[in-house]
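Residues 112 to 557 (my numbering) are what the sequence shown spells out, left to right.
Working notes, structure below.
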Amino acid sequence: MKSETFLVQVNNHNRQLITCSFTDQLIRNIYVSLIFFYRTSVDSDLLIDALQQTLSDFPIFAGVLINTDNNLYIDCNNKGVLFSIRKDDFTLDRVIKELPKVNQKRLVNIIDPKKAILTQSPVMTIQLTYFACGGMTLGVCWHHSIGDMQSFMCFMKAWANKFRKEEYPLPLIVKDRDKYSETNLKKNSNSIPGVRYLNRIELLKTVFCILLGACSRTNLQFYFSENELKNMKQDFLEKTNQNISKNDVLCAYIFKMISDLDVYKEKRYLSIVVDYRRRVKIPLNILGNYVTNLNTMIHQKVDPYKLAQTLRESLDNFQKQHLDFFSTKEYIERNGGIEKIAQFVPIPIDPLRRNLLISNWTNFGVYNVRFDESYPFFFTSFGDDKIPWLSKIINGFSNNGFIYSVSLPNKLAKKLIEEDNLRKIHKYRHQEEIMPELVEKLEWLL
Numbered sequence: 112m113k114s115e116t117f118l119v120q121v122n123n124h125n126r127q128l129i130t131c132s133f134t135d136q137l138i139r140n141i142y143v144s145l146i147f148f149y150r151t152s153v154d155s156d157l158l159i160d161a162l163q164q165t166l167s168d169f170p171i172f173a174g175v176l177i178n179t180d181n182n183l184y185i186d187c188n189n190k191g192v193l194f195s196i197r198k199d200d201f202t203l204d205r206v207i208k209e210l211p212k213v214n215q216k217r218l219v220n221i222i223d224p225k226k227a228i229l230t231q232s233p234v235m236t237i238q239l240t241y242f243a244c245g246g247m248t249l250g251v252c253w254h255h256s257i258g259d260m261q262s263f264m265c266f267m268k269a270w271a272n273k274f275r276k277e278e279y280p281l282p283l284i285v286k287d288r289d290k291y292s293e294t295n296l297k298k299n300s301n302s303i304p305g306v307r308y309l310n311r312i313e314l315l316k317t318v319f320c321i322l323l324g325a326c327s328r329t330n331l332q333f334y335f336s337e338n339e340l341k342n343m344k345q346d347f348l349e350k351t352n353q354n355i356s357k358n359d360v361l362c363a364y365i366f367k368m369i370s371d372l373d374v375y376k377e378k379r380y381l382s383i384v385v386d387y388r389r390r391v392k393i394p395l396n397i398l399g400n401y402v403t404n405l406n407t408m409i410h411q412k413v414d415p416y417k418l419a420q421t422l423r424e425s426l427d428n429f430q431k432q433h434l435d436f437f438s439t440k441e442y443i444e445r446n447g448g449i450e451k452i453a454q455f456v457p458i459p460i461d462p463l464r465r466n467l468l469i470s471n472w473t474n475f476g477v478y479n480v481r482f483d484e485s486y487p488f489f490f491t492s493f494g495d496d497k498i499p500w501l502s503k504i505i506n507g508f509s510n511n512g513f514i515y516s517v518s519l520p521n522k523l524a525k526k527l528i529e530e531d532n533l534r535k536i537h538k539y540r541h542q543e544e545i546m547p548e549l550v551e552k553l554e555w556l557l
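Written out as structure tokens, the structure is:
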């Protein structure tokens, strides 16, 4: 296995300073990492040339994060993206088969988010790995304070378009993210903040529980086919007589299955990560973290049909009832402000209450990141699943079906994969249905 690493920078750049939002500050210790898998390789020089040109329009990914007087800024100084090229003796199929056991460094160069701020090192890494079968992977990791999944996908689609010599929508980069939101978001009546303030003892206890949970958790992945999702949605439509989405249905159904098997029977939250650009009518191409959590309190016994209805109604009325930008900002200011930002924790992050947080990555067009005729046939998050009760829904192989990945305490995870419970989870799957070849081969995909 051979490798080389270097910085990819823009030839000409206009330096600018971006003032981060309080949301960016809340996630200053978080990175995002994921991998695109391609059957057909693309020349590295052509990829790098297109990347270099694209970064001139997306300078935040080639900049650094700086902390000044407790405020976080993105300095678009053309530090560069840390780019690696590796050659691997494995085939793609073997790597995917062994994916849960594969060393992270083999596929992606993980960022240390704290160190990135402290040393002003690159906020994005890209690892291009060529495999013996002729395929390749693109493993990307970026500092979450730079932007959310929508921001990242704007960048990836632009990179692919630049490679194909096609035009792409230019991103909107604002100099002060909170000021932009204050000016462009309509204030609503919601007074419930999206975070809670912890004193130092509470914070230490929470961190300890998270670290303890990280040492005693199991990561599970479930595959739901298109037919399975269709049958599930049809059942929910008949029971609720309401127009609900596949995601509403799957979130409610999964939460029901997990809650029924968990020994914890007190009230808890089902929290859904919401990209609110479209819901509050701000440009889809704006870069930053325009996301929050839709927190739904559930008491003991879960009715999945009512829960799916509640989720849909909450999302349809999100701007008026659930947008928490103003309530959260005011709450932070009342409790010490940005100087104490490290002591504010998003509502779902509460290991004692065992809230389930679900991120949905199925609507970002990840399978459209095409370099000429080289399409991704698989996409997955990788290496950021170390905290229990965090989960994701992503598109399945070749954009067919959904894969739900979740990190759970060991005992609960063991219960969930017992034969009878797996049968319940997949009760909407017809026994005679033929699964995609890769799904059948993978022992880790349930």
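We treat Cβ as the ideally placed atom computed from N, Cα and C, and that holds for glycine.
Burial state of residue i (16 or more Cβ within 10 Å)
i, result
"Glu-339", "buried"
"Val-318", "exposed"
"Lys-440", "buried"
"Arg-126", "exposed"
"Met-408", "exposed"
"Asn-123", "exposed"
"Ile-536", "buried"
"Tyr-375", "exposed"
"Ala-243", "exposed"
"Gly-246", "buried"
"Arg-445", "exposed"
"Lys-225", "exposed"
"Asn-280", "The question names Asn, yet the displayed sequence has Pro at residue 280. Classification of Pro-280: exposed, given that the 10 Å Cβ count is below 16."
"Leu-378", "The sequence given here places Lys at residue 378; Leu does not occur at that position. Counting Cβ neighbours within 10 Å, Lys-378 comes out exposed, since fewer than 16 surround it."
"Gly-476", "exposed"
"Phe-71", "Because the chain here runs from 112 to 557, residue 71 falls outside it and cannot be looked at."
"Gln-238", "buried"
"Gly-258", "buried"
"Ile-228", "buried"
"Lys-344", "buried"
"Thr-230", "exposed"
"His-255", "buried"
For residue i, the three-state DSSP class (helix, strand or coil)
i, result
"Gln-120", "coil"
"Gly-305", "coil"
"Pro-457", "strand"
"Thr-165", "helix"
"Cys-72", "Past the edges of the chain, shown from 112 to 557, lies residue 72, and the structure says nothing about it."
"Val-384", "strand"
"Tyr-401", "coil"
"Ser-336", "coil"
"Ser-327", "coil"
"Glu-313", "helix"
"Glu-115", "strand"
"Ser-262", "helix"
"Ile-129", "strand"
"Ser-356", "coil"
"Ile-159", "helix"
"Leu-556", "strand"
"Ile-88", "Lying before the first or after the last residue shown, residue 88 is absent from the chain, which here runs from 112 to 557."
"Gly-174", "coil"
"Asp-373", "coil"
"Leu-463", "coil"
"Asp-346", "helix"
"Gly-448", "helix"
"Leu-418", "helix"
Those residues which DSSP pairs with residue i across a bridge
i, result
"Arg-379", "Ile-409"
"Asn-471", "Ile-504"
"Asn-428", "DSSP output for Asn-428 lists no bridge partner at all."
"Tyr-149", "Met-247, Pro-487"
"Phe-319", "Partner(s): none; Phe-319 has no beta bridge."
"Asn-182", "Thr-179"
"Phe-482", "Ser-485"
"Tyr-142", "His-254"
"Ile-196", "Glu-115, Leu-239"
C-beta neighbour in chain C for residue i, strict 8 Å
i, result
"Lys-552", "Protein chain content of the structure displayed is limited to a single chain, and chain C is not contained in it."
Original post:
Taking three-plus beta-carbon pairs below 8 Å as touching, is the region 445 to 457 in contact with the region 303 to 313?
Top reply: yes
Subject >> At least three beta-carbon pairs within less than 8 Å, the region 287 to 296 to the region 117 to 133 >> reply: yes
Subject >> Minimum length 4: unbroken alpha helix (DSSP H) runs contained in the region 491 to 549 >> reply: 521 to 527, 530 to 536
**OP:** Scan the region 198 to 259 and note each continuous alpha helix (DSSP H) run of 4 residues or more that stays entirely inside, going in chain order.
**Re:** 203 to 208, 224 to 230
Subject >> Ranges of the alpha helix (DSSP H) found wholly within the region 269 to 301, counting only runs of at least 4 >> reply: 288 to 295
**OP:** Would you check if there are 3 or more beta carbon pairs closer than 8 Å linking the region 165 to 173 to the region 258 to 275?
**Re:** yes
Subject >> At least 3 beta-carbon pairs within less than 8 Å: the region 480 to 496 vs the region 389 to 409 >> reply: no
**OP:** Please determine if the region 386 to 400 and the region 429 to 440 are in contact, where contact requires at least 3 C-beta pairs separated by less than 8 Å.
**Re:** yes
**OP:** Report yes or no: do the region 159 to 167 and the region 507 to 524 share at least 3 C-beta pairs separated by less than 8 Å?
**Re:** no
**OP:** Could you tell me whether the region 339 to 356 touches the region 416 to 432, where touching means 3 or more Cβ pairs closer than 8 Å?
**Re:** yes
Original post:
Within the chosen definition, does the region 378 to 387 reach the region 456 to 470 through at least 3 CB pairs nearer than 8 Å?
Top reply: yes
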